[in-house]
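Chains as they are written, first to last, in our numbering: chain Z, 2 to 328; chain P, 14 to 258.
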Amino acid sequence: MSGVSAPRVAFGVTLFGLTTVPLWVGNSYYIDVASQILLFAVFALALNVLVGYGGLVSLGHAGLFAVSGYTAGLMLQAGFGHAAADVGAVLMTLLTAAVFAVLALRSTGIGFLMITLALGQILWGIAYRWADLTNGDNGVSISTRPAPFGISLAGASSFYYATLVVFLLAVITMTAFARSPFGASLRGTRDQARRMTALGYNVWMIRFLAFLFSGFWCSIAGLLYIYNKQFISPQVSALQASAEVLLMVISGGTATLMGPIAGAAIVVVMKYVVSAYVVRWSLVLGVIFVAIISFMPEGLVPGSVRIWGFARRRWRARRKPAPGAPP
Amino acid sequence: MTALAVTGLTKSFGGLRVTNGVNLTVEPGERRLIIGPNGAGKTTLFNLITGELASDAGTVALFGRDITRSACRRRAHLGLARTYQIITLFPRDTILRNVVLALLGLSGLRWNPLVGLDRQRHLATRAGEALARVGLGHIADRPLTETSYGERRRVEIAMAMAQNPKVLLLDEPFAGLSIDERRDVRQLLAAIPRDVTIVMIEHNMDVALDLADRVTLLHFGEVIVEGTRAEVVADPRTREVYLGE
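Okay, here's the thing in structure tokens:
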């Protein structure tokens, strides 16, 4: 054993793999699938702030994701530039998240879940029914992707790299957040809200700020989505989309960094790759979820770590019998 | 100036008056013991003093400052700390992290999303000192789930003491402890310096009697007897409440 630890090696290999995806995948369809995994991973990481660290299960996050995509799409259609549309989308999503938070944080647990569900449904209703604004079921199309620093993102590979940069920024931010005093405060409100208040913390404000932080990364994910598809329609804001991203978080492992990323990968691969071979791909996805919940109730990533550790101990115990044990 | 002054404090749950016009005056540095049978309203009184429950009537003042309308979290910043009868700790963290959270609660650092909490060595050092004072310094890094009930009681006290409170409210600090553990906790409480005012609830009067300067007997939400140890023990109403004579 030299000074290189296994997690570091894994991290290096993963980073190398991610940066070379367009080289070894080749087919632009699959490069696009990789972009979607990353953008949904950003979305899942955003939701994980509330679900994992805050203990607040939201079923309205697809609404925030859609607000961002729609705002950007509609502003671009109205003739605004990309920079203005992106800033507008982020601000609009933050505003919506603030309204969501003020209404939903009157409660926790099931109450919080039901209020976010209702608010998400209102946004879906707006996207679907307010056709004058949102173009209803036909959705909103945009004609161009932005070209930051003069680099065109029109191709699948260049868009993938842009998404990767944003994804890595999200991962770095989430890591810093989880390790920070504020992250510890948020986890404290999840585990012992009452004690936190008695210790001098403003529990409501901590949750509110966490909601805004989550909303910010939802808006970034929503922007990546509309630029990736160059199209957005009401189904993005539907309850099923909220449930899907929640399943990404829960199946991968809440309150972990890798969990939501793994969850996003599973769902997106099922949706865009397996669906090409299996018509009832959602059935396969369901079976996978049931298997994860049965064998790794804590989620795929922490569950795998646990089982790997268990297997390794067993393997070592078998190779080296304990001293004094009968031969 | 009195450390803690409670006047006419009243709280009802539906038709039940759990706290009924309670008056309580605790001098700085005093050790006050509040006793009373089950359901006397002892813990409710604590919840009203800390602001975890809102009172229906009456006032609470901390060192002359009216805090009746102050939020619970605000009172912590004004120097009020408490422990819980039902242990209320952070089960997923280590003992040390529990105490660090107590320290962080009064620090502006708690809003910081950028720096690493583990890098704030001064918090860990102070938390370690607080744990050493309650005799848990050697197991500071142990996860809370791997600690005994008696150790958790002491973590409760360490968290409250780490906040450097002016007034410390202890809700049955001896509940559920063995005889040896009780002795340790009693020594621990006796060693708390007199610049901390202590109000302590106990269900069993004999457990903590020798720690108290004055004793208040609470029954059905009202103060029945108040006085020095000897006065309260000798009072026939105390015998009546406790022995039903």
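Think of the CB as a built atom: it goes at the ideal place given N, C-alpha and C, for glycine as much as any other residue.
- Under the criterion of beta carbons closer than 8 Å, residue 95 (chain P) and residue 199 (chain Z) qualify as touching, at roughly 6 Å.
- For residue 97 (chain P) and residue 221 (chain P), the gap between their C-alpha atoms comes out near 16 Å.
- Cβ contact annotation for residue 46 (chain Z) (same chain, cutoff 6 Å, sequence separation greater than five): 171, 175 and 261, in chain order.
- CA-to-CA, the gap between residue 57 (chain P) and residue 32 (chain P) works out to about 7 Å.
- In this structure residue 125 (chain Z) is not in contact with residue 295 (chain Z), their Cβ atoms being roughly 32 Å apart against a cut-off of 8 Å.
- Exposure of residue 14 (chain P) is indicated by the presence of fewer than 16 other C-beta atoms within 10 angstroms of its C-beta.
- Distance from residue 24 (chain P) to residue 68 (chain P) at the Cβ level is roughly 5 Å; contact confirmed, criterion being Cβ atoms closer than 8 Å.
- About 6 Å separates the beta carbons of residue 224 (chain P) and residue 202 (chain P), which is inside the 8 Å limit, making them a contact pair.
- In chain order, 195, 198 and 199 make up the part of chain Z whose C-beta sits under 9 Å from the C-beta of residue 65 (chain P).
- Counting only residues of its own chain and dropping the five nearest sequence neighbours on each side, residue 64 (chain P) has a CB closer than 7 Å to the CB of 83, 84, 85 and 88.
- With fewer than three CB-CB distances shorter than 8 Å, the stretch 20-40 of chain Z does not count as touching the stretch 195-211 of chain Z.
- Contact of residue 147 (chain P) with chain Z is not assigned, every C-beta pair being separated by 8 Å or more.
- About 6 Å separates the CB atoms of residue 268 (chain Z) and residue 245 (chain Z); that is less than 8 Å, so the two are in contact.
- Looking at the DSSP output, residue 213 (chain P) shares a beta bridge with P:46 and P:183.
- Residue 104 (chain P) has a beta carbon lying within less than 8 Å of a beta carbon in chain Z.
- According to DSSP, residue 83 (chain Z) shares a beta bridge with no other residue.
- Check the Cα spacing between residue 147 (chain P) and each of P:80, P:186, P:123 and P:253: the tightest is with P:186.
- Counting C-beta atoms within 10 angstroms of its own C-beta, residue 9 (chain Z) has fewer than 16 neighbours from the protein chains shown and is therefore classed as exposed.
- Along the stretch 181-194 of chain Z, the positions whose C-beta sits under 8 Å from a C-beta of chain P are 181, 182, 183, 184, 185, 186, 188, 189, 192 and 193, read in chain order.
- Our two residues, residue 174 (chain P) and residue 207 (chain Z), have alpha carbons roughly 24 Å apart in a direct line.
- In the structure shown, residue 217 (chain Z) falls within a helical segment according to DSSP collapsed to helix, strand and coil.
- Proximity of residue 126 (chain P) to chain Z, defined by a Cβ-Cβ separation below 8 Å, is satisfied.
- Contact note: residue 203 (chain Z) reaches chain P through 86, using a C-beta cutoff of 7 Å and chain order.
- Cβ-Cβ distances below 6 Å link residue 64 (chain Z) to 121, 124 and 238 in the same chain, with the five nearest sequence neighbours on each side left out; the list follows chain order.
- For residue 36 (chain P), the enclosing beta strand (DSSP E) has its first and last residue at 29-39.
- Cβ neighbours of residue 188 (chain Z) within its own chain (closer than 7 Å, five residues either side excluded): 54.
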